[in-house]
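Read the structure below first, then the notes.
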Amino acid sequence: MYLNDRSEKIKNLIIKRFAKNKAYLKTCFGDALIDSKQVYNNKKGDKVKAYIYYDINNVLRASCNLSIIEHKVYSLKCIDIDKKGAYFLFGSNIILLMPRDQKSYKLFKDMTYPVGVMLDKDNMLILTTKIREFLSLDHNFKENDIVEGRIYSINKHIGAFVAINNQYDSLLRINELKGVHIEGELLKLRVKEVKEDGKIELTNRKRAYLEIDSDSEKILDYLYENDGLVNLGDKSSPDKIYRIFGLSKSSFKRAIGRLYKEKYIRIFSNKIELIRR
1 MYLNDRSEKI KNLIIKRFAK NKAYLKTCFG DALIDSKQVY NNKKGDKVKA
51 YIYYDINNVL RASCNLSIIE HKVYSLKCID IDKKGAYFLF GSNIILLMPR
101 DQKSYKLFKD MTYPVGVMLD KDNMLILTTK IREFLSLDHN FKENDIVEGR
151 IYSINKHIGA FVAINNQYDS LLRINELKGV HIEGELLKLR VKEVKEDGKI
201 ELTNRKRAYL EIDSDSEKIL DYLYENDGLV NLGDKSSPDK IYRIFGLSKS
251 SFKRAIGRLY KEKYIRIFSN KIELIRR
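Residue numbers (my numbering): 1 to 277.
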C-alpha cells in the first residue's frame with residue numbers, strides 16, 4: 001500500500017518553515033526536509049501526512065509519495081549494523097533501519113535479505129525479517145515449475161522457508177537441505193508439490209529424470225523422503241508393493257529396472273537404496 005492508501009495510520013506532521021525549493025516538517029527525530037513541490041499548496045503551520053526516513057548522507061527527510069510499499073517484501077542489502085539494529089539500502093539514496101526487536105536471525109553486513117517494510121508510530125519506515133504474514137499463497141505455480149527465492153527462516157525440525165520472488169511463501173523440507181544454508185541465501189528450486197490450500201513445497205533436486213515415467217518418479221520421491229531406503233526388492237510380495245506404492249508387481253519391477261539402468265538406485269533382494277549424487 002502506498003502512502004495515500006494508508007493515510008489513516010500516518011500522523012500529521014506540522015510544516016515548521018519553508019526555504020528555497022524545500023520545507024521542513026517537525027518530527028520527534030528533529031526537522032525533516034521535504035521537497036517544497038510536495039507541499040506547495042500548504043503554508044507554515046499546516047499539517048501534512050508524510051513518511052520520514054534517512055538518506056545515504058544521514059539527513060532526515062520526509063516524503064508524501066515514496067514508491068516504497070508498506071507490508072511488501074524487498075530483497076535489500078545490509079550496509080551496517082550497530083546497537084540500534086541493522087541498516088539497509090533502498091534504491092540509491094534511502095537508508096531504512098531494522099530495529100533489533102525486528103531481527104529474528106543473525107545478520108551480516110553486505111549480505112542481501114528478504115525484508116518487510118512497516119511504518120512505526122512516528123511515521124518512520126522500518127524493516128523486519130518477520131515476513132511470513134506479508135507473503136501470499138495466491139499464486140499460479142504448478143508442480144515442476146522452476147522458481148527462485150530467498151530463505152527467510154530455518155527451522156531445524158521442519159526445513160527452510162523460502163520467499164519466492166519476494167511474494168509467495170514456500171517450504172524446502174529438512175530432508176532436502178543438503179549442506180550448510182543460511183537466511184538470505186538465494187536458491188533456485190523446483191516446485192515439488194502444491195497443496196490444496198496453495199502451500200508450496202520445494203525440492204532442490206534438478207529433476208534430471210524428467211523422462212522417467214510417473215511410476216519411477218514415485219519410487220524415487222519416496223527414497224528421497226525416507227533416507228534413501230525402502231524395504232522392498234525383487235522378491236517382495238505384490239501386496240506389500242501395492243501398500244507402499246499403489247503399483248502392481250510388474251509395474252514396480254519395470255520402474256525400478258529403469259531407475260537401476262539410469263544409476264539412481266541399487267537393488268537387493270529385500271531392499272532398494274538410493275545412490276546419492
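Glycine is no exception: its CB is placed at the ideal position from the N, C-alpha and C atoms.
Just so we're clear, the structure is a prediction, and the values are computed from it rather than from any experiment.
Which partner residues does Ser63 have in the DSSP bridge list?
Residue pairing of Ser63 in beta bridges, as defined by DSSP: Tyr51.
I want to know whether the segment 142 to 153 touches the segment 77 to 87 - three or more CB-CB distances under 8 Å.
No: fewer than three Cβ pairs fall under 8 Å.
Fully enclosed by the segment 68 to 93, which beta strand (DSSP E) runs are 3 residues long or longer?
Within the segment 68 to 93, the complete beta strand (DSSP E) runs of at least 3 residues fall at 73 to 82 and 85 to 90.
List the endpoints of the continuous alpha helix (DSSP H) containing Lys251.
As written in the sequence, residue 251 is Ser, which differs from the Lys given in the question. For Ser251, the enclosing alpha helix (DSSP H) begins and ends at Lys249 to Lys261.
Tell me whether Tyr264 sits in a helix, a strand or coil according to DSSP, three-state version.
Secondary structure of Tyr264 (DSSP, three-state): coil.
How long is the line joining the alpha carbons of Cys28 and Leu60, rounded to whole angstroms?
If I take the Cα positions, the gap works out to 11 Å.
Reducing DSSP to helix, strand and coil, say where Leu13 ends up.
Note: Leu13 maps to strand in three-state DSSP.
In the DSSP output, what is Thr203 paired with across the bridge?
Arg190, per the DSSP bridge assignment.
For Asp122, which residues from the same chain have a beta carbon less than 6 Å from its beta carbon, with the 5 sequence-adjacent residues on both sides left out?
Here the set comprises Cys28.
Once you ignore the five residues that flank Lys235 on each side, which residues in its own chain have a CB closer than 8 Å to its CB?
Around Lys235: Ser269 and Asn270.
Buried versus exposed, by CB contacts within 10 Å (16 or more), Val180:
Result: exposed.
Pick out whichever of Ser237, Glu185 and Asn21 has its Cα sitting closest to the Cα of Asp110.
That would be Glu185, whose Cα lies nearest to the Cα of Asp110.
Residue nearest to Tyr24 in terms of C-alpha spacing, selected from Lys11, Pro238, Lys44 and Val162:
Looking only at Lys11, Pro238, Lys44 and Val162, the smallest Cα-Cα distance to Tyr24 is reached by Lys44.
Should Ala19 be labelled buried (16 or more other beta-carbon atoms within 10 Å of its own) or exposed?
Flag for Ala19 reads exposed.
For Val73 and Pro114, believed in contact at Cβ under 8 Å, the rounded distance
Contact flag correct, Cβ pair sits at about 5 Å.
C-beta contact flag for Leu202 and Lys192 at 9 Å
Contact flag set, yes.
Span of the alpha helix (DSSP H) holding Glu196?
Note, Glu196: premise wrong, no alpha helix (DSSP H); not H, not E.
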